[in-house]
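S.K.: The working numbering puts the first residue of the sequence shown at 26, with every later residue one more than the last.
We treat Cβ as the ideally placed atom computed from N, Cα and C, and that holds for glycine.
A single structure is presented below for examination.
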Amino acid sequence: MPRPGLAAKENEPDTPQDMDLRELPRAVRAELRSLSQETAEIVGAHLLKAGELVTSDPQLAYAHAEAARRRAARLAVTREATGETAYAAGEYAVALQEFRALRRMNGGTEFIAVMADCERALGRPDRALKLVREGLDAQPDFNQRVELRLVEAGTRLDQGQQAEALRVLKAEIEASAGKGSRAGRARLRYGYADLLEQSGDATGAERWFAAAAALDTEGETDAEDRVARLQGIVLELDEDALAGDAPEVDAAEDENGQQGADDVGDTAADETPDVDTDPEPDEDEEEDPAEEEDADAEPGEDADAEPGEDADADAEPDDDAPAPETP
């Protein structure tokens with residue numbers, strides 16, 4: 026019979042078997058050492074499984090994280106896993122509760138952006154904006170500031186303040202020109218492009234999605250797919266057809282049979298603005314001024330203008346114009 030506290034609840038997933046706990050991050054394994062060996066193995070297995078499932082099956086990942094938290098609620102790692110999986114599963118009230126507990130435990134500010142987004146999802150925009158201001162006042166690092174600005178823009182959009190949402194992201198893009206991680210800068214441009222598309226500016230959205238895609242070397246966003254969709258390029262594969270006989274070659278194709286795919290690739294290349302893809306500098310290190318222009322080359326002069334308005338003097342520069350000065 027399992028020791029008290031180790032028995033599974035009726036709606037709890039079984040403890041995963043044959044999990045290699047050495048795959049857990051070292052900091053997590055260090056926290057687990059405060060538990061008995063039996064408890065640590067059960068908690069570690071649930072945590073590892075939650076991490077594996079958080080993208081593909083967030084509801085099941087949340088169930089595994091909750092099983093770990095129930096056995097070791099005093100550990101920050103179980104509260105964090107529960108908060109992150111609950112957030113991914115759309116359980117925003119639970120996620121907010123867990124992130125609040127984490128703030129009490131470690132006093133950090135790294136979870137303020139996701140807490141604000143939970144408040145936003147729960148229909149409390151005033152609380153969301155209050156948390157955003159609190160997070161910005163703490164002078165966060167670049168990536169945290171990006172997340173805070175994205176939540177702020179999303180909250181403004183929820184309130185019907187579309188112009189303000191666009192202004193927030195545009196100002197942050199200009200202020201961070203040539204600074205911060207490529208991933209963070211890509212997320213800013215992706216968020217701005219998404220707002221432009223929602224506002225009806227498909228041309229501007231396409232250009233800013235292309236700028237995001239050029240910076241997103243790790244493929245963390247679907248910016249390339251969004252560009253293709255806006256260009257009207259949608260590739261739909263019929264798996265049944267692929268499994269059958271090879272299709273006949275269309276007479277319109279050239280003798281090398283390259284017309285279809287190559288034309289699509291050429292179109293995408295021609296319509297994507299040039300953006301420098303040199304390796305990203307350290308987050309806190311400014312790029313050489315001579316290189317800043319290429320590193321932050323953005324879409325054309327009208328890309329960031331709101332619908333019906335001409336681009337103003339603060340718009341992102343063309344490829345041949347000097348990069349904006351950072352404050």
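Measuring only the C-alpha atoms, how far is residue 244 from residue 83?
M.R.: Counting from 1 along the sequence shown, the entry for residue 244 is found at position 219. Counting from 1 along the sequence shown, the entry for residue 83 is found at position 58. Those two C-alpha atoms are separated by around 20 Å.
S.K.: Terminal residues of the continuous alpha helix (DSSP H) containing residue 78?
M.R.: The residue labelled residue 78 in the question sits at position 53 within the sequence shown. Residue 78 -> alpha helix (DSSP H) spans 62-78.
S.K.: Within the chosen definition, does the stretch 154-164 reach the stretch 189-204 through at least 3 CB pairs nearer than 8 Å?
M.R.: Contact fails: fewer than three Cβ-Cβ distances are below 8 Å.
S.K.: Distance check for residue 123 and residue 97, CA to CA, integer angstroms please.
M.R.: Against the sequence shown, residue 97 aligns to sequence position 72. Against the sequence shown, residue 123 aligns to sequence position 98. Annotation: residue 97 to residue 123 spans about 13 Å, alpha carbon to alpha carbon.
S.K.: Whole angstroms are fine: how far does the CA of residue 37 sit from the CA of residue 309?
M.R.: Numbered from 1 along the sequence shown, position 284 holds the residue referred to as residue 309. Numbered from 1 along the sequence shown, position 12 holds the residue referred to as residue 37. Note that residue 309 has pLDDT 44, beneath the 50 cutoff, so the model's placement of it is unreliable and the number below is only indicative. Using only the alpha carbons, I get a separation of about 44 Å.
S.K.: Cα separation between residue 242 and residue 236?
M.R.: Mapped onto the sequence shown, residue 242 falls at position 217. Mapped onto the sequence shown, residue 236 falls at position 211. Straight-line Cα distance between these residues: approximately 11 Å.
S.K.: Is the beta carbon of residue 102 sitting closer than 8 Å to the one on residue 147?
M.R.: Numbered from its first residue, the sequence shown carries residue 102 at position 77. Numbered from its first residue, the sequence shown carries residue 147 at position 122. No, Cβ-Cβ distance for residue 102 and residue 147 is not below 8 Å.
S.K.: I'd like to know if the stretch 115-134 and the stretch 64-81 are in contact, where contact means that at least 3 CB-CB pairs between them fall below 8 Å.
M.R.: no
S.K.: Does the beta-carbon of residue 204 have 16 or more other beta-carbons within 10 angstroms, so that it is buried, or is it exposed?
M.R.: Position 179 of the sequence shown, counting from 1, holds the residue named residue 204. Per the 10 Å Cβ criterion, buried.
S.K.: For residue 216 and residue 182, I'd like the C-alpha separation in whole angstroms.
M.R.: If you number the sequence shown from 1, residue 216 lands on position 191. If you number the sequence shown from 1, residue 182 lands on position 157. Between residue 216 and residue 182, the C-alpha separation is close to 12 Å.
S.K.: Which residue spans inside the stretch 130-217 form an unbroken alpha helix (DSSP H) run of at least 4?
M.R.: 137-146, 150-162, 167-183, 187-200
S.K.: First and last residue of the alpha helix (DSSP H) that includes residue 235?
M.R.: The count along the sequence shown starts at 1 and reaches residue 235 at position 210. Per DSSP, residue 235 belongs to the alpha helix (DSSP H) from 227-240.
S.K.: Just to check my reading of the structure: residue 222 and residue 252 have Cβ atoms closer than 8 Å, yes? What is that Cβ distance to the nearest angstrom?
M.R.: Start at 1 with the first residue of the sequence shown, and residue 222 comes out as number 197. Start at 1 with the first residue of the sequence shown, and residue 252 comes out as number 227. At roughly 11 Å, the Cβ-Cβ gap does not stay under 8 Å, so residue 222 and residue 252 are not in contact.
S.K.: With C-beta atoms as the reference, is residue 106 less than 8 Å away from residue 93?
M.R.: Here residue 106 refers to the residue found at position 81 of the sequence shown. Here residue 93 refers to the residue found at position 68 of the sequence shown. It is a contact, given that the beta carbons lie within the stated cut-off.
S.K.: On the premise that residue 224 lies in contact with residue 167, defined as a C-beta separation below 8 Å, what is that separation, rounded to the nearest angstrom?
M.R.: Looking up residue 167 in the sequence shown gives position 142. Looking up residue 224 in the sequence shown gives position 199. Contact flag wrong, Cβ pair sits at about 26 Å.
S.K.: Going by DSSP, what residue range makes up the alpha helix (DSSP H) through residue 84?
M.R.: Locating residue 84 in the sequence shown gives position 59, counting from the first residue. Counting along the chain, the alpha helix (DSSP H) containing residue 84 begins and ends at 83-96.
S.K.: With 16 other CB atoms within 10 Å as the buried threshold, where does residue 188 fall?
M.R.: The residue labelled residue 188 in the question sits at position 163 within the sequence shown. Residue 188 should be labelled exposed.
S.K.: Distance, Cα to Cα, residue 78 vs residue 247?
M.R.: To locate residue 78, count along the sequence shown from 1; it is residue 53. To locate residue 247, count along the sequence shown from 1; it is residue 222. About 20 Å.
S.K.: Using CA coordinates, which residue listed in 109, 255, 149, 229 is at the minimum distance from residue 135?
M.R.: As a position in the sequence shown, residue 135 is number 110, starting the count at 1. Answer by Cα proximity: 109.
S.K.: Just the Cα atoms here: how many angstroms apart are residue 143 and residue 184?
M.R.: The count along the sequence shown starts at 1 and reaches residue 143 at position 118. The count along the sequence shown starts at 1 and reaches residue 184 at position 159. When rounded, the distance between both Cα atoms is 16 Å.
S.K.: Mapping DSSP to helix, strand and coil, what is residue 122?
M.R.: Locating residue 122 in the sequence shown gives position 97, where the first residue counts as 1. If DSSP states are grouped into helix, strand and coil, residue 122 belongs with the helices.
S.K.: Contact defined as beta carbons within less than 8 Å: I believe residue 171 pairs with residue 213. What is the distance between those atoms, to the nearest angstrom?
M.R.: Taking the sequence shown and counting its residues from 1, one reaches residue 171 at position 146. Taking the sequence shown and counting its residues from 1, one reaches residue 213 at position 188. Yes, residue 171 and residue 213 are in contact; Cβ-Cβ is about 6 Å, under 8 Å.
S.K.: What residue range is occupied by the uninterrupted alpha helix (DSSP H) comprising residue 108?
M.R.: Within the sequence shown, the letter at position 83 stands for residue 108. Here the alpha helix (DSSP H) through residue 108 covers 101-113.
S.K.: Given this structure, state the Cα-to-Cα distance separating residue 140 from residue 233, to the nearest angstrom.
M.R.: Taking the sequence shown and counting its residues from 1, one reaches residue 140 at position 115. Taking the sequence shown and counting its residues from 1, one reaches residue 233 at position 208. For residue 140 and residue 233, the distance between alpha carbons rounds to 28 Å.
S.K.: Compute the Euclidean distance between the alpha carbons of residue 91 and residue 76, then round it to the nearest angstrom.
M.R.: Along the sequence shown, read from residue 1 onward, the residue named residue 91 stands at position 66. Along the sequence shown, read from residue 1 onward, the residue named residue 76 stands at position 51. C-alpha separation (whole angstroms): 12 Å.
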